[in-house]
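The working numbering applies: residue 9 is where the sequence shown begins, and numbers increase by one.
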Amino acid sequence: MYIINVPSIGPSPQKVIYYTLYENEAYVNPYFGEISLPFKERDWTKEYGLRPSGYLKRKEGIVNGTGGFVFQNITNVYMGIFVYPSSHKSPKCENAFKDLEERLKSKGWQRTEVPPEALEKKSFIGRLINATMLQQGNKAVYLECSDVMAYGRLILY
């Protein structure tokens with residue numbers, strides 16, 4: 009079981025990560041911060057040359073079983089959550105999003121249609137700024153930059 013400590017007062021980068029996991033239908037025990045979604049921490053973005061820069065906090069790992077994630081019925085999804093300073097004061101999340109998209113395109117990945125359910129998902133904690141999906145063969149990558157609880161949040165699947 010994976011444990012995450014969440015401050016109880018005010019927004020924070022840790023809360024953005026916590027609610028991102030919760031928003032994606034992971035079961036979270038609000039008293040102990042226990043996540044029952046099979047989530048194994050792994051430092052994979054560095055390994056694949058996809059680590060963005062300028063973030064305040066990050067959480068990376070492999071999710072086994074996708075539930076409400078972007079990719080339905082696929083197991084072992086690599087996931088990265090990167091929290092940036094306020095998207096109203098700084099375009100760091102948007103810049104990291106564009107940089108990752110360009111890096112992937114330079115490696116032969118091509119833009120494809122974002123699944124409608126990813127764009128239609130309603131979030132009680134933020135608003136979508138930009139989203140894209142890239143594909144190479146039978147592999148796909150979803151990138152999303154959102155304004156969440158006064159922070160920029162970059163998600164990479």
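Here a beta-carbon is modelled for each residue, glycine too, at the ideal position from N, C-alpha and C.
A quick note: this is a predicted structure, and the numbers were derived from the prediction, not measured.
Let me check understanding here. Comparing Cα to Cα, which of 162, 27, 156, 52 lies closest to residue 109?
162
Should residue 149 go down as buried or exposed, given a rule of 16 or more other Cβ atoms within 10 Å for buried?
Buried.
Note the first and the last residue of the continuous alpha helix (DSSP H) segment covering residue 104.
100-114
Let me check one thing: in DSSP terms, what residues is residue 61 bridge-paired to?
According to DSSP, residue 61 bridges with nothing at all.
Which residues does DSSP pair with residue 120 in a beta bridge?
141
Cα separation between residue 113 and residue 105?
12 Å
Helix or strand or just coil, what does DSSP make of residue 43?
Note that residue 43 has pLDDT 49, beneath the 50 cutoff, so the model's placement of it is unreliable and no number is given.
Between residue 123 and residue 18, what straight-line distance do the alpha-carbon atoms span, to the nearest angstrom?
33 Å
CA-CA distance, residue 25 and residue 151?
For residue 25 and residue 151, the distance between alpha carbons rounds to 16 Å.
Classify residue 54 as helix, strand or coil using the three-state DSSP reduction.
helix
Provide the residue span of the beta strand (DSSP E) that contains residue 148, from first to last.
Counting along the chain, the beta strand (DSSP E) containing residue 148 begins and ends at 147-156.
Does residue 66 get closer than 7 Å to chain C when you measure Cβ to Cβ?
Structure shown: chain C not included; a single protein chain is present.
Return helix, strand or coil for residue 74, following the three-state DSSP convention.
Because residue 74 sits at a pLDDT of 48, beneath the cut-off of 50, its placement in the model cannot be relied upon, and the following sentence gives the value as read from the coordinates. Coil at residue 74, not helix or strand.
Whole angstroms are fine: how far does the CA of residue 159 sit from the CA of residue 91?
7 Å
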